[in-house]
Every structure is written in structure tokens, then in C-alpha cells.
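*Asks:* Final position of the sequence shown in this note's numbering is 538; the numbers increase by one with none missing. For glycine and all other residues, C-beta sits at the position ideal for the given N, C-alpha and C. One structure, pasted below without further comment.
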Amino acid sequence: MYIRTNPDNPELISLTDLHRASGGEMRNHPTKWLANDSTSEFILQVRKVGNLQKSEVLTVKAGRNGGTYAHWQCSDQIVESIQVVPMELRLAKS
């Protein structure tokens, strides 16, 4: 199976293709993942910590040659910073 990259940004890979390659179960479809509140928070934190535009992290394109594309990796610094966020959110809520 071939996993496409975004024609406008080759650092973004097709989540749609990954979904198909993993068996294509609807419960694992990219739209289900994107509808999850924790996914939205994760994307927001990646953008914030990495000082990135949304299009540098995720794009969704409808129609022919469309799909959901996301950055295939995060730097260790971004991931480490994001791991701290859930604790900060728990402390803020208490």
C-alpha cells in the first residue's frame, strides 16, 4: 500500500491512506479521530509549542485527490512539552 504525501507540503502524510492500510474500520476513520476533543487539544498544543500554523500540522481536503493529511512526526521537545499539559489542565480544574 502506498501512503501519499500532501502535494502542497510533503511533510504531511495521508491519514486516509494510513486508515485504509490499517484495515479501514469506520471507528478508526480520521474524521472520528478529529472529532475527539483530546485530538483538538493535542493539535492546539503542537501548534502552540512548535509555533506552527494549523496547515503545518494538519490539512483536510475534500474531493478528488482529497484526504486528511498530518505531520508525520513531532520533535522530542514538542512531545515533552505536550506531555506536561494534561497535568497543568488537571491542576487548573481543581
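1) Nearest-angstrom Cα distance between L488 and T449?
2) Measuring CA to CA, which of F486, D461, E485 is closest to P560?
3) In the DSSP assignment, find the alpha helix (DSSP H) that holds P474 and state where it starts and stops.
4) For the region 448-519, list the beta strand (DSSP E) runs that are entirely contained and at least 3 residues long, ordered along the chain.
5) Suppose contacts are defined by Cβ-Cβ distances below 8 angstroms. Is V490 in contact with V501 by that definition?
*Replies:* Here's the rundown:
1) 22 angstroms
2) With the chain running from 445 to 538 in the structure shown, residue 560 is simply not present.
3) 474-478
4) 453-458, 502-505, 511-515
5) yes
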